[in-house]
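A.B. asks: Supplied in structure tokens, the structure appears directly below.
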Amino acid sequence: MSDILTEHSLLIVSIIKVVVFVFILLTSVAYLTWLERKVVGHIQSRIGPDRVGPHGLLQPLADGLKFLFKEDPTPDGVSRFVYFLAPFLALTLAIAAVAVIPFGPHEFELLGQKTGLQIADLNIGLLFLFAITSLGVYGLALAGWSSNSKYPLLGGLRSSAQMVSYELALTLSVVGVVLMTGTFNLREIIASQHGYLWGWVPRWTLFAPPFPQVIGFLCYFTAAIAETNRVPFDLPEAETELVAGFHTEYSAFKFAMFFMAEYVNMITVSCLATLLFFGGWHSPFPASAHQVTQYLPTALFAAGGALLLWDGIGYRTLFGKVVLPVLGLAALGFAALCAVPGVIGVVQGPFWFLAKVLTFLFIYIWMRGTLPRFRYDQLMAFGWKFLLPVALANVVLTSFMILVMQK
Amino acid sequence: MSAALFFFFVLAAVAVLGAVSLILQRHPIHSALSLILVMVALAGCYLLQGAEFIAAVQIIVYGGAIMVLFVFVIMLLNAGEEERTNFSRMARYAGLPVAIFLLIELAYWATRSAPAAQVAEMPVGPAQTRGISLMLFREFVLPFELTSVLILVAILGAVVLAKRES
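Structure (structure tokens):
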């Protein structure tokens, strides 16, 4: 037994990491849908989900069960194999992309293997991500085609045209970062953004010389929203024109898989924005303030825990009176753990990384709550005539500035 | 059998089966899907050889860009299933012997040729991408630029053809 453990320890460690990562990822996807409905609700002066569990916290669970137990009819005349393949393709590729994202700088030992907070540390991590996301379009296109129905077909056509158009701008917009950091390895890209300008501005590629990647970031984020088919670029599923676009004929869990794939993609592009432009796990505060700011995770969790306790004790249902204080106590406990000398250094990296990712996810939801949808010709004209030239200009300017600084 | 060899055989089998399926499928979309499978399996083979960069580019360019356009065009034209015809008489009688002859010849030359000694050294690991770009932009910069001009000409040609309609 112990022989097998030591011989295949790399494989076993990888499997453990994959299971843990996928579990965390899918749970965050579930609660991202909850967050989206809550935030959009409040933007529209509603309270959002409130019935299942305290503050609607069990809503994702109820939704999941509903998707599992719903009848799943296969419409007449579908191309069976492709019809079943499409949702699997969409979700598998979406999840595979997360494998290369590093969530923190620390390495720890497991079964004699040194391993980081990342499933696979590839030299070509960034290229791998783009390779996987470039295949992601097949899920949508094939779903639209195989449904044997006109609205899905139009949605599928739109999605492939849109994703091919915006992929160019997306890829070009990160070339500036690659030029500045000189590597495709995501860990090294983050590591090279270490340090501060004039002692207080973090050396993230967004701010750093030779050419701050502000244009690059704006192009990236716009193209990323289009790539994930979110408002205002959600033409493939424009419900006012196409019923529900490419997934009109899907129901039950096959529909849920498309839905999950979309949210996983949102998380992936937010992680990528964080680590390419916003310094990944590096703290935004200057090193001189580190003695104070290292207690920020503790303070945040303590405040959250206290709020949950206070809210839970006065909650209107008995279930909430029990669950919310328990959650609050757990948060307080975690806050205390974050202040323990050995742990405090380890927590910083993932804390800042996830805080930045959450900010991006919030911006995503915020935009969904406020912006109207593009018209199709506007979308194409914007992608090809504005975004692509701007991204190209960013590449030229960045390389020029690097050349000038080298001389 | 080492793990690398095992994965090579799996990937090679997938590539060959995909290629056969590409020809045998009657629906254009299924053929296109088989071709994507071949491309991805080839990328896997490159990865086994340690050519990470080539593998990623293979998937991005062939799997992600070119094949998406194939699928897009097939969907746009809404191409239906092809009909099977009786094979041509010449193919029926001459096809098999010619195919066998070709395979034997290929196998003969593959076993006879010396193990690649004259092939350029390919750096492995992080230096690889740098090596490829240095080669591309220093030694082979003229062919590289000529290729881009060629592609530009093709784009202009497509635009001209599209404009003439209206």
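These protein sequences, in sequence, are chains A and B.
Under our numbering, the first sequence has 356 at position 362, and the numbering climbs by one with no breaks.
Adding 382 to a residue's 1-based position in the second sequence gives its number in our numbering.
For each residue, glycine too, the CB sits at the ideal point set by N, CA and C.
Alpha carbon to alpha carbon, how far is G363 of chain A from Q38 of chain A? Give it in angstroms, no decimals.
C.D. replies: 8 Å
A.B. asks: According to the neighbour-count rule (16 or more other Cβ atoms, all chains shown, within 10 Å of its Cβ), is R181 of chain A buried or exposed?
C.D. replies: buried
A.B. asks: Looking only at its chain, what residues have a beta carbon closer than 6 Å to the beta carbon of M(-5) of chain A, apart from the 5 residues adjacent to it on each side?
C.D. replies: Note that M(-5) of chain A has pLDDT 48, beneath the 50 cutoff, so the model's placement of it is unreliable and no number is given.
A.B. asks: Could you name the residues of the same chain whose beta carbon sits closer than 6 Å to that of K11 of chain A, not counting the 5 residues immediately before and after it, in chain order?
C.D. replies: I113
A.B. asks: Below 7 Å CB to CB, which residues in the same chain sit around V7 of chain A once its five sequence neighbours on both sides are set aside?
C.D. replies: The beta carbon of V7 of chain A sits closer than 7 Å to those of L104, L105, Q107 and T109, all from its chain and outside the five residues before and after it, given in chain order.
A.B. asks: Is E521 of chain B close to chain A? Criterion is C-beta to C-beta, closer than 8 Å.
C.D. replies: no
A.B. asks: Helix, strand or coil: which one does DSSP assign to M(-5) of chain A?
C.D. replies: At M(-5) of chain A, the pLDDT of 48 sits below 50, so the modelled position is not reliable; the number obtained from the coordinates is stated separately. In this structure, M(-5) of chain A counts as coil in the three-state DSSP scheme.
A.B. asks: At the level of alpha carbons, what is the spacing between P148 of chain A and T216 of chain A?
C.D. replies: For the record, residue 148 of chain A in the displayed sequence is Leu; it is not Pro. The straight-line gap from Cα to Cα measures roughly 23 Å.
A.B. asks: Would you decide whether W275 of chain A is buried or exposed? Buried here means 16 or more other CB atoms lie within 10 Å of its CB.
C.D. replies: buried
A.B. asks: Is there a C-beta anywhere in chain B that falls below 8 Å from the one on V158 of chain A?
C.D. replies: yes
A.B. asks: By Cβ distance, which residues of its chain are closer than 8 Å to D44 of chain A, with the 5 residues on each side in sequence left out?
C.D. replies: G50
A.B. asks: Compute the distance between the beta-carbons of D66 of chain A and F247 of chain A, then report whether it is under 8 Å.
C.D. replies: Their beta carbons are under 8 Å apart, which means D66 of chain A touches F247 of chain A by this criterion.
A.B. asks: Interface residues of chain A around F435 of chain B at Cβ under 9 Å?
C.D. replies: N117, I118, L121 and F178
A.B. asks: Using a Cβ cut-off of 8 Å (strictly closer), state whether V542 of chain B contacts chain A.
C.D. replies: no
A.B. asks: Could you say if the segment 236 to 252 of chain A and the segment 379 to 387 of chain A meet the contact criterion of at least three C-beta pairs nearer than 8 Å?
C.D. replies: no
A.B. asks: Would you mind working out which of B:A401, B:G462 and B:M449 sits nearest R408 of chain B, comparing C-alpha positions?
C.D. replies: B:G462
A.B. asks: Check whether the segment 352 to 369 of chain A and the segment 135 to 143 of chain A are in contact - that is, three or more C-beta pairs closer than 8 Å.
C.D. replies: no
A.B. asks: In angstroms, rounded to a whole number, what distance separates the CA positions of M395 of chain A and F205 of chain A?
C.D. replies: 6 Å
A.B. asks: Should Q372 of chain A be labelled buried (16 or more other beta-carbon atoms within 10 Å of its own) or exposed?
C.D. replies: exposed
A.B. asks: Determine the direct distance from the alpha carbon of V13 of chain A to that of V337 of chain A, and round the result to whole angstroms.
C.D. replies: 24 Å
A.B. asks: Write down the C-beta distance between L111 of chain A and G98 of chain A rounded to the nearest angstrom, noting that I regard them as a contact closer than 8 Å.
C.D. replies: 4 Å
A.B. asks: Please state the DSSP three-state secondary structure of E231 of chain A.
C.D. replies: helix
A.B. asks: Can you list the residues of chain B that L147 of chain A reaches, using a CB-CB cut of under 9 Å?
C.D. replies: M457 and N460
A.B. asks: Run through the DSSP bridge pairs and tell me what K405 of chain A is partnered with.
C.D. replies: In this structure chain A extends from -5 to 401, so residue 405 of chain A is not present and cannot be described.
A.B. asks: I'd like to check one pair, L19 of chain A with I126 of chain A: are the Cβ atoms closer than 8 Å?
C.D. replies: no
A.B. asks: Per DSSP, Y475 of chain B is paired with what?
C.D. replies: Partner(s): none; Y475 of chain B has no beta bridge.
A.B. asks: Which chain A residues sit within Cβ distance under 8 Å of V531 of chain B?
C.D. replies: The contacting residues do not exist; V531 of chain B stays about 17 Å from chain A at best.
A.B. asks: Going by the CB atoms, is the gap between S416 of chain B and M400 of chain B shorter than 8 Å?
C.D. replies: Here residue 400 of chain B turns out to be Gly, not Met, going by the sequence shown. It is a contact, given that the beta carbons lie within the stated cut-off.
A.B. asks: For the segment 156 to 166 of chain A and the segment 292 to 309 of chain A, state whether three or more C-beta atom pairs, one from each stretch, are separated by less than 8 Å.
C.D. replies: no
A.B. asks: For G327 of chain A, would you say it is in contact with chain B, using Cβ-to-Cβ distances shorter than 8 Å as the test?
C.D. replies: no
A.B. asks: How about S167 of chain A: is its C-beta nearer than 8 Å to some C-beta of chain B?
C.D. replies: Not an interface residue.
A.B. asks: If you run the structure through DSSP and keep just helix, strand and coil, what is P344 of chain A?
C.D. replies: helix
A.B. asks: Rounded C-beta distance between A84 of chain A and G150 of chain A? I'm assuming under 8 Å.
C.D. replies: The beta-carbon separation of A84 of chain A and G150 of chain A, rounded to 12 Å, does not stay under the 8 Å limit for a contact.
A.B. asks: Is there a Cβ of chain B sitting closer than 8 Å to that of S3 of chain A, yes or no?
C.D. replies: Output row for S3 of chain A: interface = no.
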